[in-house]
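Each remark here refers to the structure printed beneath this line.
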Amino acid sequence: MRLRAQHAAILYRSVLAYARGDSGATASSLEQAAAFTSQAAGVVARREAHYRFDVTRETGQYANPTVYPFGYLRPAHTLCYWHRRESQVAYLLQNGAAAPVASLDTCGN
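With the first letter of the sequence shown counted as 1, position 52 gets the number 52 in our numbering; the numbers rise by one all the way through.
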């Protein structure tokens, strides 16, 4: 939870720096966010080793009776929400506008 909060905070600071016109701070902020994401990947991998059920079943892609074609822990396994937020901020910094919704990861792939 600490890593997720730090990740979100650094990305918000990056957007605020961009709004102030401080482009130097924004590039380093994205690098810091990516470092938090890498740390989170290690945490996820350690936790997956202790799942009660098969990790492939919990995180894989397959047909099932839900609307989602994947196991319910797939977004955590792929760190989708982390990467998607980074992509949103990077797009804003590069293009000066919000990322088109269709360009964002759906967390199902």
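Don't be surprised by glycine CBs; every beta carbon is placed ideally from N, CA and C.
Query                                                                                                                                           : Result
In three-state DSSP terms, what is PHE70?                                                                                                       : strand
Measuring CB atoms only, is the region 46-59 touching the region 10-26, in the sense that at least three cross pairs come out at less than 8 Å? : no
Cutting at 8 Å between CB atoms, please list the residues of its own chain near SER14, excluding the five before and the five after it.         : ALA25, THR26, SER29, LEU30, ALA33, VAL89, LEU93
Within the continuous alpha helix (DSSP H) that includes HIS50, where are the two ends?                                                         : Note, HIS50: premise wrong, no alpha helix (DSSP H); not H, not E.
Looking at LEU79 and THR59, is the spacing between their C-beta atoms short of 8 Å?                                                             : no
Assign ALA76 to buried or exposed, taking buried as 16 or more other Cβ atoms, counted over all protein chains shown, within 10 Å of its Cβ.    : buried
Run the CB neighbour count on GLY71, radius 10 Å, all protein chains shown included, and call it buried at 16 or more, exposed below.           : buried
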